[in-house]
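Have a look at the structure below before the remarks.
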Amino acid sequence: MKIDRVPILKYEDVLIVSVHSDLDDGEVRQFQARLLETISKSAVSGVVLDVSGVETLDVFLARSLMHLVNMVALMDVKSVIVGMRPAVAITLTEMDVTFPGVKTALNLDQGRAWLKRAGS
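All letters in the sequence shown, in the order written, are residues 824 to 943 by this note's numbering.
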């Protein structure tokens, strides 16, 4: 397994994370741990989770993203999910998967702008 398959880039005080759909369960867990470790070692106030590379989303990955947003919030860091494809949004709705309290934006620029307005 390659731990670094999900890039985590720091730009100013924000981490930008590009998630894709071909991660297996173990890689998702490793990515979660690596992101939280990066947050704990960095002076960041926001995380942008870019899911534009996700073509299909299963229930496990959807719930993992929701849990990750909650974990990030517990570390006093704001997060936003950006780049959701229409087909993924439709699938999530059909699977009755919701992201209560999770901020979403159309793209990276809008996500970063929201974080800035939110105090990041």
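The beta-carbon is built from N, C-alpha and C at its ideal position, and this holds for glycine as well.
- Contact between M889 and F854 does not hold, since their C-beta atoms are separated by about 14 Å, which reaches or exceeds 8 Å.
- Between the segment 845-852 and the segment 879-893, the count of Cβ pairs shorter than 8 Å is three or higher; the stretches touch.
- Rounded to the nearest whole angstrom, the CA to CA distance from L929 to A910 is 14 Å.
- For L931 against V871, the beta-carbon gap comes to about 6 Å, under 8 Å, which counts as contact.
- Here S863 is exposed. Its C-beta has fewer than 16 other C-beta atoms within 10 Å.
- Ranked by how close their Cα comes to the Cα of Q933, the residues V925, G906, V920 have G906 in first place.
- R940 counts as exposed, since fewer than 16 other beta carbons sit within 10 angstroms of its beta carbon.
- Beta-bridge pairing by DSSP links H843 to G876.
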